[in-house]
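Asker: Residue numbers (UniProt numbering): 1 to 251. Using N, Cα and C, we set each Cβ at its ideal position, and we do this for glycine too.
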Ligand code: NAD
């Protein structure tokens, strides 16, 4: 069954083959969707291109800039006309804010992490909205550290709490317009982003130890949940954050 046949989905945040966004892109493609990719900067374009066939539509989008987001969705509109979903899998915090004590977080570090990791979902939704077809979906990625004090996750946990709240408010605004907004709270996976967290190995070890088979959740499993949440198969799910962590959050 290909439940996304003929759909065009924008995936933001593929840095390399370990990226959660890459797992999402693969799962969306497996369900018949065409994936449109955005990359942060020229520097990030090459590694993305190496993963692709050359046929795909790629566009630069730095979520720190409204102009960049606006331009990206204008280009996507020119290419695709309308789209059926957006996967927001981007986040950033300074390394010094992913260790030590939360009282040490600077005003600048706080603003930066909130801007890239939480506000960006609002800005992306604003510019994507005009070209999102009826019954489309927006999915973002979050982590258990939004609701628990996970060692060293610090600033990102605070930003993820804001992101999860933004999911609910955006969902309330957009659901009457036939656009559903949801989040996936993924288990810890070794990606580029997670290596910014001090002692990230412990975070991943913890996530593996707490699963029933001691194998951590994979980007394929997160991707499959993402494809479901983007698709009309999940039409009854609005403004929800779903754990895709093989039960780690239970203990
Ligand atoms: P990743 O490093 O592969 O992806 C992070 C992406 O964010 C990169 O592609 C990077 O280019 C992009 N990005 C950062 N700043 C940006 C900007 N200004 N403009 C545009 N893009 C920007 O790591 P990942 O773990 O796959 O992260 C994807 C998402 O999943 C993030 O939101 C992350 O917090 C979340 N998440 C990760 C884990 C985990 O354990 N890896 C768990 C739960 C949630």
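1) Exposed or buried, residue 5, counting other C-beta atoms within 10 Å across all chains shown (16 or more means buried)?
2) Just to confirm the assignment, what range does the beta strand (DSSP E) spanning residue 181 have?
3) What's the call for residue 164, buried or exposed, on a 16-neighbour Cβ count within 10 Å?
4) For the stretch 130–196, which segments carrying the alpha helix (DSSP H) assignment without a break, of at least 4 residues, lie completely within its bounds, in sequence order?
5) Looking only at its chain, what residues have a beta carbon closer than 8 Å to the beta carbon of residue 197, apart from the 5 residues adjacent to it on each side?
6) So, do the stretch 166–185 and the stretch 53–71 have three or more beta carbon pairs nearer to each other than 8 Å?
7) Using the C-alpha atoms, what's the distance from residue 234 back to residue 259?
8) Shorter than 7 Å, the distance from the beta carbon of residue 129 to the closest heavy atom of ligand 1, or not?
9) By the DSSP assignment, the alpha helix (DSSP H) with residue 203 in it spans what residues?
10) Could you please give me the residues that DSSP links to residue 218 through a beta bridge?
11) Please name the residue or residues paired with residue 83 in a DSSP beta bridge.
12) Which same chain residues end up closer than 6 Å to residue 136 when comparing Cβ atoms and leaving out the 5 residues on each side of it in sequence?
13) Should residue 246 be labelled buried (16 or more other beta-carbon atoms within 10 Å of its own) or exposed?
14) Assign residue 34 to one of three DSSP states: helix, strand, or coil.
15) Could you check where the beta strand (DSSP E) with residue 8 kicks off and where it finishes?
16) Which residues does DSSP list as the beta-bridge partners of residue 3?
Answerer: Let's see:
1) Residue mapping note: residue 5 aligns to position 5 of the chain shown, counting from 1. With a 10 Å radius around the Cβ and a threshold of 16 neighbouring Cβ atoms, residue 5 comes out exposed.
2) What you label residue 181 is simply residue 181 of the chain shown in a count that begins at 1. Per DSSP, residue 181 belongs to the beta strand (DSSP E) from 179–186.
3) For this step, residue 164 is matched to residue 164 along the chain shown. That one is buried.
4) Counting only runs of 4 or more, we get 154–174.
5) Along the chain shown, read from residue 1 onward, the residue named residue 197 stands at position 197. Setting aside the 5 residues that flank it on each side, residue 197 is surrounded in the same chain by 98, 99, 152, 153, 156, 203, each with a C-beta closer than 8 Å to its C-beta; the list follows chain order.
6) Too few Cβ pairs lie closer than 8 Å, so no.
7) What is shown of the chain runs 1 to 251, which leaves residue 259 out entirely.
8) The residue given as residue 129 occupies position 129 in the chain shown. Within the chosen limit of 7 Å, ligand 1 does not reach the beta carbon of residue 129 with any heavy atom.
9) Position 203 of the chain shown, counting from 1, holds the residue named residue 203. 200–209 is the extent of the alpha helix (DSSP H) around residue 203.
10) Here residue 218 refers to the residue found at position 218 when the chain shown is read from its first residue. The partner list for residue 218 (beta bridge, DSSP) is empty, contrary to what the question assumes.
11) In the chain shown, residue 83 corresponds to position 83, counting from 1. Among the bridge pairs identified by DSSP, residue 83 is matched with 132.
12) Your numbering for residue 136 matches position 136 in the chain shown. Around residue 136: 84, 85, 179.
13) Indexing the chain shown from 1 puts residue 246 at position 246. Flag for residue 246 reads buried.
14) For the purposes of this step, residue 34 is identified with residue 34 of the chain shown, where counting begins at 1. Correct three-state label for residue 34: strand.
15) Stepping through the chain shown from its first residue, residue 8 is reached at position 8. Residue 8 -> beta strand (DSSP E) spans 8–12.
16) As a working mapping, residue 3 is identified with position 3 in the chain shown. Residue 3 pairs with nothing; no bridge assigned.
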